[in-house]
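Chemist: To start, I am sharing the structure in question, which I have written as structure tokens.
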Amino acid sequence: MAYPWLQQSGPTVVLSDPTAAVATFVAPQVPTGGSDLAFQLTVTDNDGNVDTDTVKFHVANHYDPTSSLHVIGQDNDFLLGPVERLFT
9 MAYPWLQQSG PTVVLSDPTA AVATFVAPQV PTGGSDLAFQ LTVTDNDGNV
59 DTDTVKFHVA NHYDPTSSLH VIGQDNDFLL GPVERLFT
């Protein structure tokens, strides 16, 4: 099986292994509002069958403001806390 990854857009990153089924990278510095990264994965099986797909990630800026979610009941105002973000 072959799994070549190719970065198509976004700030350039170095993949841990651009030929492995699972590739990782260190999130780059991004501007306010974050940045999108896109990668193309092509899978070739042992019979020569090929399939390609695109995977997109959004990397958020660590200093962007977070949001809070309030649930208001009849007698109380419950603060549920910050909305979680995935920082890869």
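For the sequence shown, the numbering used here begins at 9 and goes up steadily by one. Cβ atoms here follow ideal geometry from the backbone N, Cα and C, with glycine treated the same way.
L5 to P26, Cα distance in whole Å?
Modeler: Since the first and last residues shown for the chain are 9 and 96, residue 5 lies out of range.
Chemist: Any idea if V58 is buried or exposed, counting beta-carbon neighbours within 10 angstroms, 16 or more meaning buried?
Modeler: exposed
Chemist: Please tell me whether, using a cut-off of 7 angstroms, the distance from the CB of L49 to the nearest non-hydrogen atom of the ligand MN is below it.
Modeler: The model depicted lacks the ligand MN and carries no ligand whatsoever.
Chemist: Less than 6 angstroms between C-beta atoms, sequence neighbours within five positions excluded: which residues of the same chain meet that for F33?
Modeler: V21 and L23
Chemist: Any chance you could list the beta strand (DSSP E) runs of at least 3 consecutive residues sitting entirely within the segment 10-84, in chain order?
Modeler: 13-17, 43-52, 58-67 and 76-80
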